[in-house]
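Residues in the sequence shown are numbered consecutively from 7, following our numbering. For reference, the structure is listed below as structure tokens.
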Amino acid sequence: IGWVVKNADEFSMLLARLTEHPEEVVERRQAAEKIRHLHTWDQRAREVVEALREAAKGPHNGNRIRKR
């Protein structure tokens with residue numbers, strides 16, 4: 007969705023490119039807006055609950071959650 011830069015030089019080049027191509031910023035913003043509902047604390051909590059339920063069903067990658 008976003009950009010990854012390895013150092014200050016790459017960051018500088020990215021800013022220059024985005025200055026010349028502002029439509030790229032608009033496209034990335036729109037893409038982020040479409041999926042932001044997938045990256046909330048509530049959504050993460052649901053994913054953790056589901057993972058724990060699956061793990062409680064039995065062995066998972068060699069790990070097992072003990073039931074009390």
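Positions of the beta carbon are idealized from the N, C-alpha and C atoms, including for glycine.
Whole-number beta carbon distance between residue j and residue i, since they are thought to touch under 8 Å
{"i": "Ile7", "j": "Arg34", "result": "6 Å"}
{"i": "Val10", "j": "Phe17", "result": "In fact, because the Cβ distance is near 10 Å, the residues do not count as touching under 8 Å."}
{"i": "Glu30", "j": "Leu21", "result": "At roughly 12 Å, the Cβ-Cβ gap does not stay under 8 Å, so Glu30 and Leu21 are not in contact."}
For residue i, the first and last residue of its enclosing alpha helix (DSSP H)
{"i": "Ile41", "result": "28-41"}
{"i": "Trp47", "result": "47-62"}
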